[in-house]
Every structure is written in structure tokens, then in C-alpha cells.
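Protein chains in written order, with this note's numbering: chain A, 25 to 470; chain B, 19 to 532; chain C, 1299 to 1423.
Where a beta carbon is used, it is the ideal one built from N, C-alpha and C, also for glycine.
All values derive from a computational prediction rather than experimental measurement.
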């Protein structure tokens, strides 16, 4: 086996050194009834070539997003990732290192995470950010729990414009913890009626919202604060912050976001990278790892994991979260991509996305029977079709166009949403893609 | 130009920084400022076209001012991150004996496979007809995991081990509620990972610790005395965090089940038994597997991970969304709590799961096969026991006898030397090794937990054992001061964690204009 | 002379009339190491004997400070919140945590005096 360095002779010599008669002697603590003598019923070892062939065969059965005109968003976005990103994150020193618990041997990881935290804080307009969580949806659930710890109130109100997966994850996390989650009905044509009472820990909103509409949450932030509640702002398309006012500027107290758009492939939904930012005064209630600046024994600047008494390995059942992992390598990819873009590149990328979406929206809304639901949007919007969207998506797929996602996939019970179609464009969308989509949609609706 | 001199004039033994060079660099020791300190305003490392002019639809919410990001070109970025990488130790550069972390070789084939466009460039919301190969891969992974654990179902969405624990404990709570009583207490051994009590607390349970017996295992009598009708579950790690197999596990499982409770197993240490022991045969009801430990996806400096949970038939109906089911026209996703998934606990993360990790884990399992995986467990245990014996004279083993995949020592061997476990670990860095896990588990004083994994050669183990033995001799010979000063040969000397925590600086900020 | 008493959780309490000042002992601060953070209750809130009243943290450990007695918090030491190193430097003086108005002025009677506490610490090794 190519990954196992011990030779049969090594094994024999080592058993002799140990004083064990056989390898079985080292498994003597396993109760006899639970020992398996033979091999489990699975295929035997294979070489690289065979494994690559088998898995490539599975991959070939899929339609890769980049191989067709592609317009799906809904919380994960297809962007061009510069080649340098993947090259750098595959350096073994980044790829194959552990959590930086020994700071003297991990200054590279620690400094890059400090840069990540700074980028996330700047982008979201917040004071501090952590070293990432699993994904945007779990970051949102953690934000709700954090708001509960800060305010000592038990109710979280989720806007109907929140991504349904985020809503569901909040509900799953909260169901056994004593938190009350009030999830408002999805609304695509207005702002939901948010009621804040003296037991409300937080209101969770999204910008752009699930339907792509841009929302100014400044007034809501003031209402929250007047009532002693916090505003949690979710961003599922982080590139939007290159063009749109940040949640921090709108008065958000906690930002939970998905960072996949920068540096990371779609990966069929994971791994992605959860971004989490807040106000400095709440940092001790924050979940997840944090990197802090300090000095070494010779007075030189360096970095360490810090404020770890919040975390499970010290605080155990009183920890702020049970999380023990960040999305380290995805965070590194995010940092490298955003470093390559810089201020000018991010703004330009955001403008390209918005321009592509504007063109697409105008062209598709011109198809007979189709109307644009949004008043405003960044790179994703909602169309109303003259018939249910799900079969239209299927028809488009048969014609080689991945034309978006039917809102009914998330809300199968809501007949009033059945005709809605969520459509996204990014800098990867070409004018030829738009031509093909427009034509295919005309035919699918005919 | 004062304050620096050329390297030639510096005595080779001079401490770092005493005679700085112009750049701060010396040989391969490269200083690297923050990205934010290298800003050439307006510069950019990507060439993007300018967007065609069009009417803004941003609804008046245009960003008002700059974000504050620095501008750099691609060569500057590549150099920056290459230099940072060179300040990291990695499994690619040497033995990484972190107990409980399973730092094994990360095969590069799996990196290649995970980047196939047919897998990486797939959107989770694509029509099911366009992602049948992805479902097939997930289904194949589930089959391998179910076969290796002997358990009938596996929940794949958890994003890491602790997330898997949350998944497992939530299904247990859901099953108990369905039975009429959620119960109130979770029993957790003192040696458990901190995630166990933290997870149980998230599920609304009180934590009741169980003591270890003098053999480093769960004290069966203590466990039985704590079991009762209010106990929801036992959370046990097996092999446990002392590197020992819980040899009374069948009695433990029987006692837990007799009390009407569930048996949750933390499978972080599955590497020790994969292919040789099926958790189902131990009476386990739920077990999470850290794919990035046993099945080799790289740790990536702290993640991402993946933590599938194998579930007994009694818990499977409560598995989180989405489910993959075999339908009439191929594999299909069940995304809502309806039909077969009506009793699901709900969704635990966005989208189906950590697909990128699934690909790597499946590539690893297919490469090893049934025969290779069994050999993995055997070599992991053999390597740990070899180190145990090689280090027996130098260190103090906490619990006598054979270990599994990792071996636990404590700080008795450092008694009266003035050297702490921390000092010893830092001195090991100067010998060219990453230290072992320190101060965990909490059940022994000054713990040193060593896990070599199966991907170390005998020569590598011998080198490590010689280095540790030599260090122990130096500690005992009164060289305490050297240990307190270690490490000396790293990009930074010992870092002040107290100062970092007292006045947290968690991000870069521009110097205030004077 | 105000009464000075100690708990097995290594808090000290010094009574003066119907109020008492509470802190952690020198032994406790040594065990914790360099203290980086102190979380104090708000003045005006209540603490209950044996329940958590404050939290004290070093870089690698966190510990609850339990109220030795029940009563209303009348003052907290904001100095240690800003400069936690004071707890290491002078745990029995400048490093005090909080002052309470005692529900029961005789509440200290069951606690250890200085000699008993010294013996207790010696037993801890």
C-alpha cells in the first residue's frame, strides 16, 4: 500500500521490540465478541489510476456549472477564482498543518487568519471578526445564540427575506436550547412586519435578501436598539459588499455571512466559509477561534490564538459554542482572492456582477409573460413566470441551460410562490450565455 | 541607515534581532509584514474589464466610501503567502505527533479528485438530473461508512466532528421525545474532549461527569451508580483520549441500554480500529467520524472538516436534512421534513454537506480498500506501541500496558527538574519536531499525548524517540533554563499569550495620522 | 477588627458591619497564573451563597468565583476589570472583586478562619 511506510520486516522488528507475539496481541482489550477476524465486505486496495478512473466516471455524470450557460445562485455563487489562489492554498505548509495551537510553528497560518479577520471586519463594516465558522447558515445560528447570551432574552425574529436554509438551521439549533425562533413568512414584494418586544434578543435580516432585493436596515437597527434587541445581518453574496453599503453602516450588531464567493468553488455546497463579525464590546460572547496580535520573548510582533477561554476545550459545557473547527483553508482562499482583488478589483468585480445581472434582468423580463419582481438587486433577482417555475427549470436543463432555482424548491407548500424563479449572474456570465438563456426561456414558455 | 549591519559582521551565535539586517531577513528567515502594510493604492492583482455603463439598480444603497483594502500585484501576493507558508510546520515537513488529532499523510490524488470540474464546479441547487454522479459518490461514501461501522444509516451533512456530535445528540433527544421523555442528564467521562459537554449543553442537557478508574478507563461501578431514568445518554470516546480501548465497553453499553439511555460514541479515534472493529458490535447507537482524521482530508490549518454520523435504526428516522434516497428515476434529495424524513431534526447546515471532503475521503478509502484500511489500524497501533516502548525509560507512562493508536504520558518524569510539560514541548520544537498534545486529557497531570499515525516510517519513529529521550535526559540533568527559553530556532520565540488576552488586538488598523 | 473568612473554593470575605468585601486568595491567583480578564456582576444585583458571582480568567483557564454569602451587590472593583493584573499583584487588597450587603450578618460564621484555611491549602499540596 503506497501510503504505508512500514515494511513487513519493520513490523516484525517492532513487534519484537514491543514484546508482542503478534499484532492481535495489541488489540487484546477489544472484547472477543467484537473482534472481526476477516476483512470487511468492501473492495480491495486500488492504485491511483483505478481510483481516479472510478471517481472521474462519477464526476462525468454531472453537468459542471462551467460547461453550460449557468444562472444559479440562492446562497452559493459561481465566480472566477484566480489561479494563484488554488496554487497557494495547496502549498503543503498551509494544506497539511493543524490548528495553530503551537504559535511558534504556525505564524504563517496565524498571520493569514489575522489578515482574514481584518478583511472581514472591513468588508462588513464591523469592528472585529473571527477566524471563520463552517458556513453562512451555521454562522447565522451562532449569531442568534450569541444575541441570546448578550441580551439574556430568549426570542429571535427571523425576517421572511432570510435564506430558507439559514432559517431552518436556526430552527434546528434552537429547538432544544430553550430559544424561541419566530420565523416570519417569506415575502418577496415588501418588508415584513417585524414586531420587537421586550423578550426579543435579535432580529435577523438579510441583504440582498433571499429574493435578491436590496434592503436598507438602518431604521430597523434603530428600532432594535431602542427596544434593547440586536440586529443580526446576513449576507449570502459577499461580493455585493464591493458595491453596496455594509451591514455595519446600517447599524448591525452581528454579521453572519457566507464567504464562498471569494476564493472558493461551489463544491456542491461545501466546504464553504462562514464569516462572523461583531462589535468589539461583544467579543467575549463571540463563538469560534480568534487570532490576536502579541509579541514574542524578544519583543517582535507575532500572532496567537486568543480569548480561548470562551471555547469548548477550556470552558466545556459553559463554552460560547461547541465549535472546534474553523474553515481554515477556505478562509485562506478567501483572503488570497480578496488580496488579489484589492480595493479597486473588488469594486470592479462588483460592478461587473451588477451589470451582468442588469442586462440579464432586462432581457428575461422582455420575454412574453415574464416579469421582474424586484425593485432593486445586486447580481440576483426574482422573476415571475406565467406558470410554475419548477418544470420550466427542468425543461431548461434538458436544453442545456441551468436557468436558476425555482423558489418552490424551498417553499413547496406556498402556492403563491410557485411561479417565482430566482436567477443570478456573475462576472462569469457572457453575453452569449444571456442570448442562449433568453431564447431557451422563450421556447420553454411557449 | 543605523541599527543594522550586514550578516557577515554578526556572530553566528548572536540571538536573532541583535544585529538586524536592512530587510529584517536573514538567509531563509524571512520577515513578512501584513498585506495592509504593503498597499500600493489603486493597484490590483487581477485584470478585470470595466463594466459596461448601465443604470444602477442598487436602490440607492451604493457603498459610500472605500472598504479599506490594500492593492497589490500578483507577484507580491504570491510572495507574501509563500513566505507566510514557510513559517508553518506541516505533516508534509515532518512527524506531527499531536495526540487525538491524527495527523497522517494527505494523499495528493485526493486533492486532484476534489478539483475535478464535475465535482468542484457543481452547484448544490442544480436540478437532480444534472448531479446524479454527485449523489452516486455520496451514496458510495455512505456505503463504505456504513460497512465499516456496521450501522444502518449515516448522516452526512455535519461539517466537523463537533457538528457531528450535535447531530448525534439531537437525534438522541428527538428519539427520546418521541418516546415521551427527553430526560435531563448526559454522562460524560472526565477524559472527554471539551466538545462533548459543550454539545450536550447545546441540546439542553445537564452534564454529569464520570470518574476514570486507575486503569484509565470508565469506572463501570461509578457509571452504573449514576445511571437512572433521567439519563438520556452516555457520551464516550473509544478508544478513549488516554489512548486505551474501553475493555468493558459491552458491559457499559448493556448498562446504558438497560437504563433506557442511548450510547453516543465520539469516533475521533476511529483510526485505531477501522477495519478491525465495527462500532455497531460494541453496542453503540450513534458515532461521529471525523473524516479529516481517519480518512485523510487535510487539516488545512484548522479546517474545513467533515463529521458524518453513523446511526442505529432507532435514531435514523431523526437524521438531519437533506436525505439522499433511491427513487424511481435515480437518486433523489429529500429536502423537507416530510415523507420518509417526517421525523428529521431538520437542517444542520446550508446545502447537502462537505462534498469536497467526501471526495477526498472516498478516494482515500478506495485507495486502501478493505485490506489497506485494516492495515491502517494495525500500523497506527503498532507505531504508537513502538514509541511507547522506546520512550518507556525516558518519560512516565500514565497507564501501564499496551495502548491503541496513541500513548499518554504525564509529567512525573519532570519532577524536580523545574521543567514543565509546556517547556518540554517547546524544546522539542528546537529539535525539529512538532510537539505532542499537551495538557490533554485532563485526567493526568501535565499530559503529553503522542499519536504518530500509520504514515510514519520506523526510521522516523526512531529519530523522534531518540530526540525525546535526549531531551528528557537534558531536563533531568538540570538544564532547566534552556527549556524555559525554548524555542530559539523558530520565526518567533515564545509568544506572550497573556498580553494577547489582556488587551486583544484582533485586526489591523491604520496608524492614526499624527 | 473586621472578620476575615475563607472558603474551600479559595475566596476570601472580610466583614465590616452589615457589608462584606469578597475576593480570591493568593493561592487561587497563583493556581490560575496571569489573570487576563475578570467578569463582575452589576451593582444592585443579588448574589446567592454557593452560586457564581464572578468569573476570572487566565489565558488558558477560566474559573467561577462563588459568592460565600447571599446578599445585594453594593460595589464592584472596576479597577480589576480594567487592569486584571492587580488580582495577581494584590489579591487581598487592591485586587478585591465585589462588596455585598449581607442578608444575614452571621453568614460568615460557618466559614474557615485564616489558620483553618492555611491548613486546608497545605493539604491541597
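DSSP three-state assignment for residue i, whether helix, strand or coil
i, result
"residue 394 (chain B)", "helix"
"residue 460 (chain A)", "helix"
"residue 162 (chain B)", "helix"
"residue 1329 (chain C)", "helix"
"residue 26 (chain B)", "Here residue 26 (chain B) scores only 46 on pLDDT, less than 50, and its place in the model is too uncertain to base an answer on."
"residue 1317 (chain C)", "strand"
"residue 523 (chain B)", "coil"
"residue 382 (chain B)", "helix"
"residue 401 (chain B)", "helix"
"residue 306 (chain B)", "strand"
"residue 248 (chain A)", "helix"
"residue 237 (chain B)", "coil"
"residue 32 (chain B)", "Since pLDDT at residue 32 (chain B) reaches only 49, below the 50 mark, its modelled position is unreliable, and the value read off the structure follows with that caveat. Three-state result, residue 32 (chain B): coil."
"residue 284 (chain B)", "strand"
"residue 291 (chain B)", "coil"
"residue 1352 (chain C)", "strand"
"residue 414 (chain B)", "strand"
"residue 325 (chain A)", "strand"
Contact list for residue i against chain C, beta-carbon separation under 7 Å
i, result
"residue 435 (chain B)", "Simply none; closest approach about 18 Å."
"residue 339 (chain A)", "1360"
"residue 520 (chain B)", "1334, 1382"
"residue 312 (chain B)", "In chain order: nothing, as chain C lies at least about 29 Å away."
Delimiting residues of the beta strand (DSSP E) encompassing residue i
i, result
"residue 227 (chain B)", "224-228"
"residue 341 (chain B)", "341-345"
"residue 1361 (chain C)", "1360-1364"
"residue 508 (chain B)", "Premise fails: residue 508 (chain B) is in no beta strand (DSSP E) and is neither H nor E."
"residue 230 (chain A)", "224-230"
"residue 234 (chain A)", "From DSSP, residue 234 (chain A) is part of no beta strand (DSSP E); its letter is neither H nor E."
"residue 312 (chain B)", "Residue 312 (chain B) -> not in any beta strand (DSSP E); alpha helix (DSSP H) instead, spanning 309-312."
"residue 299 (chain A)", "298-302"
"residue 1314 (chain C)", "1309-1314"
"residue 1399 (chain C)", "1396-1400"
"residue 194 (chain A)", "Counting along the chain, residue 194 (chain A) falls outside any beta strand (DSSP E), though it belongs to the alpha helix (DSSP H) covering 188-198."
"residue 282 (chain A)", "278-282"
Alpha helix (DSSP H) segment containing residue i, residue limits
i, result
"residue 204 (chain B)", "First-last for residue 204 (chain B): 203-207, but that is the beta strand (DSSP E), not the alpha helix (DSSP H)."
"residue 79 (chain A)", "72-84"
"residue 76 (chain B)", "From DSSP, residue 76 (chain B) is part of no alpha helix (DSSP H); its letter is neither H nor E."
"residue 383 (chain A)", "352-389"
"residue 317 (chain A)", "Element bounds for residue 317 (chain A): not the alpha helix (DSSP H) but the beta strand (DSSP E), 315-319."
"residue 253 (chain B)", "Per DSSP, residue 253 (chain B) belongs to no alpha helix (DSSP H); it is in the beta strand (DSSP E), 249-255."
"residue 166 (chain A)", "160-175"
Partner residues on chain A for residue i, Cβ-Cβ distance less than 8 Å
i, result
"residue 263 (chain B)", "51, 53, 54"
Neighbouring residues, chain B, relative to residue i (Cβ below 7 Å)
i, result
"residue 41 (chain A)", "404, 407"
"residue 360 (chain A)", "95, 99"
Partner residues on chain C for residue i, Cβ-Cβ distance less than 9 Å
i, result
"residue 333 (chain A)", "1334, 1335, 1353, 1355, 1356, 1357, 1358, 1359, 1360"
Cross-chain neighbours of residue i in chain A, by beta carbon under 9 Å
i, result
"residue 124 (chain B)", "116, 119, 120"
Contact list for residue i against chain B, beta-carbon separation under 8 Å
i, result
"residue 367 (chain A)", "59, 60, 84, 85, 86, 87, 88, 89"
**beta strand (DSSP E) segments (min. 3 residues) lying fully within the region 419-472 of chain B** = Qualifying beta strand (DSSP E) stretches, in chain order: 425-428, 466-468.
**Cβ contact (3+ pairs, closer than 8 Å) linking the region 454-470 of chain B and the region 431-445 of chain B** = yes
**Request:** Take every Cβ of the region 1359-1374 of chain C, pair it with every Cβ of the region 1309-1318 of chain C, and state whether three or more of those distances are shorter than 8 Å.
**Result:** yes
**Prompt:** Between the region 396-406 of chain A and the region 105-113 of chain A, are three or more C-beta pairs nearer than 8 Å?
**Reply:** no
**Message:** Below 8 Å, how does it come out for the region 365-379 of chain A and the region 435-454 of chain A: are there three or more Cβ pairs, yes or no?
**Reply:** yes
**Three or more C-beta pairs below 8 Å linking the region 389-398 of chain B and the region 135-148 of chain B** = Taking a cut-off of 8 Å for Cβ pairs, the region 389-398 of chain B and the region 135-148 of chain B do not touch, as fewer than three such pairs fall below it.
**Cβ contact (3+ pairs, closer than 8 Å) linking the region 334-341 of chain A and the region 285-304 of chain A** = no
**Request:** Determine, using beta-carbon pairs with one atom in the region 234-247 of chain B and one in the region 201-209 of chain B, whether at least three such pairs fall under 8 Å.
**Result:** yes
**Continuous alpha helix (DSSP H) assignments of at least 4 residues falling wholly in the region 101-170 of chain B** = 126-132, 135-138, 150-167
**Asked** How do the region 1329-1339 of chain C and the region 1351-1359 of chain C stand: do at least 3 beta-carbon pairs fall below 8 Å, yes or no?
**Response** They touch, by the three-pair rule.
**Message:** Check whether the region 212-220 of chain A and the region 284-293 of chain A touch, using three or more Cβ-Cβ pairs below 8 Å as the test.
**Reply:** no
**Every unbroken alpha helix (DSSP H) within the region 75-144 of chain A, with a cutoff of 4 residues, ordered by chain** = 107-113, 116-119
**Message:** Could you tell me which whole alpha helix (DSSP H) segments of length 4 or greater appear in the region 408-445 of chain A?
**Reply:** 413-422
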